[in-house]
Amino acid sequence: MIVAWLAAGTTLAGAVAVYLAAPHQALTTGHVTHRRAWRRAGGAALTLALVLLLTVQGSATAVFTWMTGVMLVWTVVPVVARWWHYRGERP
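For the sequence shown, the residue numbers in our numbering are 1127 to 1217.
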């Protein structure tokens, strides 16, 4: 059970790291300087998460769970970041 939670956390952290490496990301606009390092760290975390999921689940289920977590982060984080910035700009 701990491995599953560790895999979920690593998936989320890796997806956020890869998102931070994007040039037009909205989470920390203008504050990310080492994009290549974020991309490599995110890729390593996502690979580790997939390996952890493969130890807990079957291969098809692990890949499905992994991709669903990544898609969740890459869908929710940009929307929340834009909303947060918009909310802060209003008088």
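Backbone N, C-alpha and C fix where the C-beta goes; we use that ideal spot for every residue, glycine too.
When T1137, L1146, A1133 and T1136 are compared, the shortest CA-CA separation from A1207 is found for L1146. For L1146, the uninterrupted alpha helix (DSSP H) segment begins and ends at I1128 to L1146.
Distances from the alpha-carbon of T1201 to those of L1132, A1141 and Q1183 put A1141 closest. L1179 is classed as buried because its beta carbon has at least 16 other beta carbons within 10 Å across all chains shown. If you draw a straight line from the Cα of W1131 to the Cα of T1154, it is about 27 Å long. Ranking V1205, V1199, W1210 and H1211 by CA distance to the CA of L1172 puts V1199 first.
Shown here, H1211 sits in a helix according to DSSP, grouped into three states.
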